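Worksheet: the structure to be examined is printed underneath.
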Amino acid sequence: MKIYPCTVTLLTLALAGCGGGGSSSTPAPSTPAVSEAQKNYESVALSSNGGLHYLTGRLGFTTSSSGVLSISPGSYFYTDDSSIPQSAATGAQTVSVAFNTAAKTLALPALSGNSRIVVNGTVYVQAFPNQPQVTYSGANVQESYLATDGKTVVRTFLGTSYSTTALSGLISSSPAELFTGSMLGLITNTINGNSLYNQQASWQSGAAYLKVVRQYVGDTLFTGDCAAPTTTGPNMTHCSTTVAALEGFFPRVSTADGVTYQIGDGQIVTLAGVRAWVATAPVQNTAIPQYRVFYQSNGAIDVGTLIKDGTPLQIPALGGGAAQNFYIFLNNAALQSVKSAVNF
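Structural data, given as structure tokens:
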């Protein structure tokens, strides 16, 4: 996949001297033009601006007979922190990624990644922590995620909308979408009359959040184990090693979703460099639309899911209901405000 960075133009200034002489200045690069969406992205994502902070959490609680609130073991409330060193208008930028707890009493959970993706017929493991490269594609922001080899692009997102909202006043009086559209909503719960944060706390000066809409670029085939044992890395447990062709594989009960698939429930195509059967109907109960796949692999049959080109990145709404097609990132001032306000 080719990545097309913005073109940097050069501005040449010609200065004429008096008395018949002349000279010219050394050409100097102009500031590459960026779109409004890219400006909004940089206003938070640049390391000099504090970077992007994505909240993730799961909180469980117990109360004693006297009403004392305790957070259950296994609870967490942390941020996925990312930034770029400079504008991607000057060329591809490698994103720096770190994870940090947002609650002084909670440790980071054990984090790991084992996303396996088929590219040109080969199974790759996506790097963890992620190692995305950011480029500008037209007016948009493109993120290309790399495999553990540090060079193979395994999936790509295109950010088409970046909007910032300034935050001021009481945290409790913030826009509703900040609580329903991000894990900040976790701390608005009241447990037996106990608030999880200081409801009189205010946002620090400069606090804001970035609302992002992104979509997949290209058909993306995820794969994994079809049965026990569970594996890591590119070598997986196959669905079958005795049936080599898809035509002889069906009917098949998927252990992932419990559905019995017939060969007529989909079609056979070439996908990600492999011969694959792709279901016509999407898998049920997933935030991002995806489709069951079985594919031929070196005399075996493996399982996967397809996310199609142009599919929006969606996440389950915090309060239930329809999945939301945007992500919310805090800037550094907003994050520090939250960390100061939480009571755990």
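With the working numbering applied, the sequence shown covers 1131 to 1474.
Positions of the beta carbon are idealized from the N, C-alpha and C atoms, including for glycine.
Note that the structure is a prediction, hence the values are computed from the model and not measured.
Quick one: what's residue 1277 bridged to in DSSP? On the sequence shown, position 147 is the one that residue 1277 refers to. Note: residue 1277 sits in a beta bridge opposite 1256.
Closest to residue 1298 by C-alpha separation, out of 1306, 1325, 1337, would be which residue? The residue you call residue 1298 lines up with position 168 of the sequence shown. Taking only the C-alpha atoms, the option nearest residue 1298 is 1337.
For residue 1169, which three-state DSSP category applies? The residue given as residue 1169 occupies position 39 in the sequence shown. Three-state DSSP puts residue 1169 in a helix.
In whole angstroms, give me the CA-to-CA distance for residue 1354 and residue 1343. Taking the sequence shown and counting its residues from 1, the one referred to as residue 1354 is at position 224. Taking the sequence shown and counting its residues from 1, the one referred to as residue 1343 is at position 213. If I take the Cα positions, the gap works out to 28 angstroms.
Residue 1531 (DSSP reduced to helix, strand or coil): No information on residue 1531 is available, as it lies outside the stretch 1131 to 1474 that the chain covers here.
For the beta strand (DSSP E) that residue 1379 lies in, which residues bound it at each end? Counting from one through the sequence shown, the residue named residue 1379 turns up at place 249. Here residue 1379 belongs to no beta strand (DSSP E), and DSSP marks it neither H nor E.
How about residue 1477 and residue 1405: do their beta carbons lie closer than 9 angstroms? The requested residue 1477 does not occur in the structure, where the chain is confined to residues 1131 to 1474.
Assumed close pair residue 1186, residue 1208 - CB separation to whole angstroms, cut-off 8 angstroms: For the purposes of this step, residue 1186 is taken as the residue at position 56 of the sequence shown. For the purposes of this step, residue 1208 is taken as the residue at position 78 of the sequence shown. Contact holds; Cβ gap of about 6 angstroms.
I need the straight-line Cα distance from residue 1321 to residue 1273, nearest angstrom please. Against the sequence shown, residue 1321 aligns to sequence position 191. Against the sequence shown, residue 1273 aligns to sequence position 143. If you draw a straight line from the Cα of residue 1321 to the Cα of residue 1273, it is about 39 angstroms long.
Work out the CA separation of residue 1266 and residue 1234 for me, nearest whole Å. For the purposes of this step, residue 1234 is taken as the residue at position 104 of the sequence shown. For the purposes of this step, residue 1266 is taken as the residue at position 136 of the sequence shown. The alpha-carbon atoms of residue 1234 and residue 1266 are separated by roughly 37 angstroms.
What is the DSSP secondary structure of residue 1236, reduced to helix, strand or coil? Counting from one through the sequence shown, the residue named residue 1236 turns up at place 106. Three-state DSSP puts residue 1236 in coil, outside helix and strand.
To the nearest angstrom, how far is the alpha carbon of residue 1215 from that of residue 1449? Numbered from its first residue, the sequence shown carries residue 1215 at position 85. Numbered from its first residue, the sequence shown carries residue 1449 at position 319. Cα to Cα, the separation comes out at about 36 angstroms.
In angstroms, rounded to a whole number, what distance separates the CA positions of residue 1239 and residue 1358? Within the sequence shown, the letter at position 109 stands for residue 1239. Within the sequence shown, the letter at position 228 stands for residue 1358. Going from the Cα of residue 1239 to the Cα of residue 1358 covers about 25 angstroms.
Would you mind sorting residue 1323 into buried or exposed? The rule is 16 or more other CB atoms within 10 Å of its CB. Here the question's residue 1323 lines up with position 193 in the sequence shown. Burial call: exposed.
Taking Cβ to Cβ, would you say residue 1176 is nearer than 9 angstroms to residue 1217? The count along the sequence shown starts at 1 and reaches residue 1176 at position 46. The count along the sequence shown starts at 1 and reaches residue 1217 at position 87. Contact: yes.
Please report how far the alpha carbon of residue 1375 lies from the alpha carbon of residue 1431, in whole angstroms. Reading the sequence shown from its first residue, position 245 is the one you call residue 1375. Reading the sequence shown from its first residue, position 301 is the one you call residue 1431. Going from the Cα of residue 1375 to the Cα of residue 1431 covers about 8 angstroms.
Can you say whether residue 1326 is buried or exposed, counting buried as having 16 or more other CB atoms within 10 angstroms of its CB? Walking along the sequence shown from the start, residue 1326 turns up at place 196. It is buried - the Cβ of residue 1326 has at least 16 other Cβ atoms within 10 Å.
Run through the DSSP bridge pairs and tell me what residue 1424 is partnered with. Within the sequence shown, residue 1424 is the residue found at index 294, counting from 1. Beta-bridge pairing links residue 1424 to 1407, 1433.
If you draw a straight line from the C-alpha of residue 1173 to the C-alpha of residue 1312, how long is it? Within the sequence shown, the letter at position 43 stands for residue 1173. Within the sequence shown, the letter at position 182 stands for residue 1312. When rounded, the distance between both Cα atoms is 20 angstroms.
Rounded to whole angstroms, how far is the Cβ of residue 1408 from the Cβ of residue 1399, which I believe are closer than 8 angstroms? Residue numbering aside, residue 1408 sits at position 278 when the sequence shown is read from its first letter. Residue numbering aside, residue 1399 sits at position 269 when the sequence shown is read from its first letter. The pair is a contact, with the Cβ atoms about 6 angstroms apart (cut-off 8 angstroms).
Using a Cβ-Cβ cutoff of less than 6 angstroms, which residues in the same chain neighbour residue 1341 once the five nearest sequence positions on both sides are dropped? Position 211 of the sequence shown, counted from the first residue, corresponds to residue 1341. Cβ-Cβ distances below 6 angstroms link residue 1341 to 1293, 1456, 1458 in the same chain, with the five nearest sequence neighbours on each side left out; the list follows chain order.
By DSSP's criteria, residue 1227 is part of a beta bridge. Which residues make up the other side? Within the sequence shown, the letter at position 97 stands for residue 1227. According to DSSP, residue 1227 bridges with 1212.
Sequence-distant residues of the same chain with beta carbon closer than 7 angstroms to residue 1270, five excluded per side: Here residue 1270 refers to the residue found at position 140 of the sequence shown. Cβ neighbours of residue 1270 beyond the five flanking positions: 1167, 1288, 1289, 1290.
If you reduce the DSSP assignment to three classes, tell me which class residue 1462 lands in. Locating residue 1462 in the sequence shown gives position 332, counting from the first residue. Helix.
Delimiting residues of the alpha helix (DSSP H) encompassing residue 1308: Translated into the one-based positions of the sequence shown, residue 1308 becomes position 178. It spans 1306 to 1310 - the alpha helix (DSSP H) in which residue 1308 sits, taken as one unbroken run.
Output the boundary residues of the beta strand (DSSP E) element that contains residue 1201. As a working mapping, residue 1201 is identified with position 71 in the sequence shown. Unbroken beta strand (DSSP E) run through residue 1201: 1199 to 1201.
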